[in-house]
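Novice: Dropping a structure here in structure tokens format, bear with me for questions.
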Amino acid sequence: MSKGIFIVGTDTDVGKTVVTAGLMHLLRSKGYPACYFKPVLSGATLKEDTLIPGDTHFVKTIGKLSEPLENMTPYRFRTPVSPHLAAEIENIQIKITTIKENLCKLREKYPYMVIEGAGGLIVPILKNYMLYDLIKELNLPILIVARAGLGTINHTILTVNFAKSLGIEVKGIILNGYDPSNICHPDNKKTIERITNLPIFTIPKLKNVHVEKMEYGNLKEVFEENISIEKIVKWMKTY
Numbered sequence: 046m047s048k049g050i051f052i053v054g055t056d057t058d059v060g061k062t063v064v065t066a067g068l069m070h071l072l073r074s075k076g077y078p079a080c081y082f083k084p085v086l087s088g089a090t091l092k093e094d095t096l097i098p099g100d101t102h103f104v105k106t107i108g109k110l111s112e113p114l115e116n117m118t119p120y121r122f123r124t125p126v127s128p129h130l131a132a133e134i135e136n137i138q139i140k141i142t143t144i145k146e147n148l149c150k151l152r153e154k155y156p157y158m159v160i161e162g163a164g165g166l167i168v169p170i171l172k173n174y175m176l177y178d179l180i181k182e183l184n185l186p187i188l189i190v191a192r193a194g195l196g197t198i199n200h201t202i203l204t205v206n207f208a209k210s211l212g213i214e215v216k217g218i219i220l221n222g223y224d225p226s227n228i229c230h231p232d233n234k235k236t237i238e239r240i241t242n243l244p245i246f247t248i249p250k251l252k253n254v255h256v257e258k259m260e261y262g263n264l265k266e267v268f269e270e271n272i273s274i275e276k277i278v279k280w281m282k283t284y
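Numbers 46 to 284, taken from this note's numbering, label the letters of the sequence shown in order.
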């Protein structure tokens, strides 16, 4: 048995991988034997006939994980589109049983698991199987990563309400790129807190952090200053 939490975004490119990498750094640097899992990844890079899942490589490096990339991301696609479409284009059949088997093997080795989705809750893994279906089957709580700026109230609250309507437990929200001097950011935070009654962490805009370029900039320092990993661990659920 292990404890886990699922990281989802309000949209694509909201910073899920950077946030997950920061959490993995905190967990492992503080002595928690944790591992990362991303079931499917689109937009992998081909290097010497091997598809490298960039997000997984980024998290693996900052978390100082020795686990092979293929164990943490069983399905890797070169085409940067939704997983179900990438699988169709590349003529690869995604099997949910394979995803679960890979995760189960990691759970046997690591007491703590941080699982990252692809985009938002309603991302098709198969044509008729969404990311939220996997989260429900795993019976895991979620942590939502959202933008801090204009539009985030609508995106974030829709995501929270939809998750709750499915019976998925939402533990908290991380607003990425938060700037207290921006007139709408503090108000966005207060409004989302008031409507959802959920705890919110904020992460300021990071410097020199690029997943594709494998640049970590000030990621470690920012997460050490702004995130209570003990609280995240308490949010994790045994599954």
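From the three backbone atoms N, C-alpha and C, an ideal C-beta is built for every residue, glycine too. Bear in mind that the values here come from a model prediction, so they are computed numbers and not experimental data.
Could I get the ranges of all uninterrupted beta strand (DSSP E) runs contained in the stretch 81 to 113, with 3 residues as the minimum, in chain order?
Specialist: As for any beta strand (DSSP E) of minimum length 3 sitting wholly inside the stretch 81 to 113, the runs are 85 to 87, 90 to 92, 95 to 97, ordered along the chain.
Novice: Any idea what DSSP makes of residue 158, helix, strand or coil?
Specialist: Numbered from its first residue, the sequence shown carries residue 158 at position 113. Note: residue 158 maps to strand in three-state DSSP.
Novice: Quick one: is residue 149 buried, meaning 16 or more other Cβ sit within 10 Å of its Cβ, or exposed?
Specialist: For the purposes of this step, residue 149 is taken as residue 104 along the sequence shown, with counting starting at 1. It is exposed - the Cβ of residue 149 has fewer than 16 other Cβ atoms within 10 Å.
Novice: Under 8 Å by Cβ, that's how I've got residue 227 and residue 248 pegged, so tell me the actual separation to the nearest angstrom.
Specialist: Working through the sequence shown from its first residue, we reach residue 227 at position 182. Working through the sequence shown from its first residue, we reach residue 248 at position 203. Contact flag wrong, Cβ pair sits at about 14 Å.
Novice: With a Cβ-Cβ cutoff of 8 Å, do residue 213 and residue 187 count as a contact?
Specialist: Start at 1 with the first residue of the sequence shown, and residue 213 comes out as number 168. Start at 1 with the first residue of the sequence shown, and residue 187 comes out as number 142. Closer than 8 Å, so yes.
Novice: As a quick exercise: from 133, 53, 91, pick the residue whose alpha carbon is nearest that of residue 257.
Specialist: As a position in the sequence shown, residue 257 is number 212, starting the count at 1. Cα-wise, what sits closest to residue 257 is 91.
Novice: What does a CB cutoff of less than 7 Å around residue 204 pick up in its chain, not counting 5 residues either side in sequence?
Specialist: The residue labelled residue 204 in the question sits at position 159 within the sequence shown. The residues are 55, 165, 166, 189.
Novice: Can you check the stretch 194 to 246 for any beta strand (DSSP E) of at least 3 residues that lies completely inside it and give the ranges in chain order?
Specialist: If we require 3 residues or more, the beta strand (DSSP E) runs fully inside the stretch 194 to 246 come out as 215 to 221.
Novice: Jot down the residue ranges of each uninterrupted alpha helix (DSSP H) in the stretch 112 to 174, minimum 4 residues, whole runs only, in chain order.
Specialist: 114 to 117, 128 to 134, 141 to 154
Novice: Can you say whether residue 210 is buried or exposed, counting buried as having 16 or more other CB atoms within 10 angstroms of its CB?
Specialist: For the purposes of this step, residue 210 is taken as the residue at position 165 of the sequence shown. So residue 210 counts as exposed.
Novice: Could you check whether residue 101 and residue 114 sit closer than 8 Å to each other, using their CB atoms as the reference points?
Specialist: Sequence index remark: in the sequence shown, residue 114 carries index 69 (1-based). Sequence index remark: in the sequence shown, residue 101 carries index 56 (1-based). Their beta carbons are under 8 Å apart, which means residue 114 touches residue 101 by this criterion.
Novice: Whether or not the stretch 224 to 243 and the stretch 70 to 81 are in contact is what I'm after, with contact meaning three or more pairs of Cβ atoms, one per stretch, closer than 8 Å; do they touch?
Specialist: With the cut-off at 8 Å, the stretch 70 to 81 and the stretch 224 to 243 do not touch.
Novice: So residue 48 is in the beta strand (DSSP E); what residue range does that whole segment cover?
Specialist: As a position in the sequence shown, residue 48 is number 3, starting the count at 1. From DSSP, the beta strand (DSSP E) with residue 48 extends over 48 to 54.
Novice: Let me make sure I understand the geometry here. Which of 172, 47, 178, 96 has the alpha-carbon closest to that of residue 53?
Specialist: Your numbering for residue 53 matches position 8 in the sequence shown. Taking each of 172, 47, 178, 96 in turn and checking the Cα distance to residue 53, the smallest one comes out for 178.
Novice: Evaluate residue 255 with the Cβ neighbour count: other Cβ atoms within 10 Å of its Cβ, from every protein chain shown; 16 or more gives buried, anything less gives exposed.
Specialist: As a first step, residue 255 must be located in the sequence shown, where it is residue number 210. Classification for residue 255: exposed.
Novice: Among all the DSSP beta bridges, which residues are the ones paired with residue 188?
Specialist: Taking the first residue of the sequence shown as position 1, residue 188 is located at position 143. In the DSSP output, where bridge partners are listed per residue, residue 188 has 52, 217.
Novice: Hey, how far is the Cα of residue 62 from the Cα of residue 207?
Specialist: For this step, residue 62 is matched to residue 17 along the sequence shown. For this step, residue 207 is matched to residue 162 along the sequence shown. So the alpha carbons of these two residues sit roughly 22 Å apart.
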